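J.: If you scroll down you'll find the structure; I have some questions about it.
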Amino acid sequence: MNKKQAFPWDHPRFRSWIGVARACQLMQQTMTKAIADLDIKTPHLDILINLYRFDGISQQELARKLLVGRSNMSMLLPQLEKRGLIERKPDAKDKRVLRLSLTETGRDLTEDAMTIQTSIIDRILSQTPADRCLQVAEAMEDLIHILQTMETDSEPDDL
1 MNKKQAFPWD
11 HPRFRSWIGV
21 ARACQLMQQT
31 MTKAIADLDI
41 KTPHLDILIN
51 LYRFDGISQQ
61 ELARKLLVGR
71 SNMSMLLPQL
81 EKRGLIERKP
91 DAKDKRVLRL
101 SLTETGRDLT
111 EDAMTIQTSI
121 IDRILSQTPA
131 DRCLQVAEAM
141 EDLIHILQTM
151 ETDSEPDDL
């Protein structure tokens with residue numbers, strides 16, 4: 001860095017950036033500990049909750065929702081399938097596409113995990129007024145949109 005360049009911590013929005021990053025990391029650690037007895041990790045939980053909500057989603061759609069690559073899906077899905085929590089079935093119209101669903105065991109485990117997650121969220125945010133929670137949610141949605149736009153803008157054009 002040259003002497004004329006500002007340090008990140010001198011930037012007026014740096015505190016917000018650090019706050020978001022630390023809150024996310026601490027929430028991840030809290031959830032990891034809370035669901036340890038269910039023998040799942042937070043990446044598994046993200047998959048299970050999405051399958052609970054979007055039954056029959058394709059692997060590609062799931063990867064896009066979770067902002068992960070196909071290689072991550074290729075590692076995590078077999079673990080969940082081996083445990084009998086999910087099943088992959090070929091799409092009725094396109095046999096190349098695999099559709100994902102929870103098994104009954106997977107649905108039960110996901111409901112238990114969601115109860116734990118909801119309890120943690122309630123405990124953390126119980127002192128924060130609902131309108132302030134919504135303001136934070138809207139601010140985070142704005143950040144997500146900006147970051148996704150930046151990502152799209154930086155992709156090379158198709159040849």
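Position 45 of the sequence shown, counting from 1, maps to 45 under the working numbering, and the rest follow consecutively. Beta carbons are placed, not taken as given, at the ideal position from N, Cα and C, and that holds for glycine. In this text the structure is predicted, and so the values were computed from the model without any measurement.
What is the residue span of the alpha helix (DSSP H) that Ile40 lies within?
T.: Position 40 of the sequence shown holds residue 40. Neither: Ile40 is in no alpha helix (DSSP H) and is coded neither H nor E.
J.: Kindly identify the DSSP beta-bridge partner or partners of Arg99.
T.: The count along the sequence shown starts at 1 and reaches residue 99 at position 99. Paired residues: Ser58, Lys89.
J.: Helix, strand or coil for Leu67, going by three-state DSSP, please let me know.
T.: On the sequence shown, residue 67 is found 67 positions in, with the first residue counted as 1. DSSP places Leu67 in coil when its eight states are reduced to three.
J.: With H, G and I counted as helix, E and B as strand and the rest as coil, what does DSSP make of Pro8?
T.: Here residue 8 refers to the residue found at position 8 of the sequence shown. Three-state DSSP puts Pro8 in a helix.
J.: Taking all protein chains shown into account, do 16 or more other C-beta atoms lie within 10 angstroms of the C-beta of Ala21, making it buried, or fewer, making it exposed?
T.: Numbered from 1 along the sequence shown, position 21 holds the residue referred to as residue 21. It counts as exposed.
J.: For the alpha helix (DSSP H) that Arg83 lies in, which residues bound it at each end?
T.: For the purposes of this step, residue 83 is taken as the residue at position 83 of the sequence shown. Careful: Arg83 lies outside any alpha helix (DSSP H) and carries neither H nor E.
J.: Report the option in Ile18, Lys33, Tyr52, Ala6 whose CA atom is closest to the CA atom of Asp108.
T.: Your numbering for residue 108 matches position 108 in the sequence shown. Of the listed residues, the one whose Cα sits closest to Asp108 is Tyr52.
J.: At which residues does the alpha helix (DSSP H) containing Gln29 begin and terminate?
T.: Within the sequence shown, numbered from 1, the residue matching residue 29 stands at position 29. Note, Gln29: alpha helix (DSSP H), 14 to 34.
J.: Rounding to the nearest angstrom, what Cα-Cα distance links Pro90 and Val68 in this structure?
T.: If you number the sequence shown from 1, residue 90 lands on position 90. If you number the sequence shown from 1, residue 68 lands on position 68. Approximately 22 Å between the Cα atoms of the pair.
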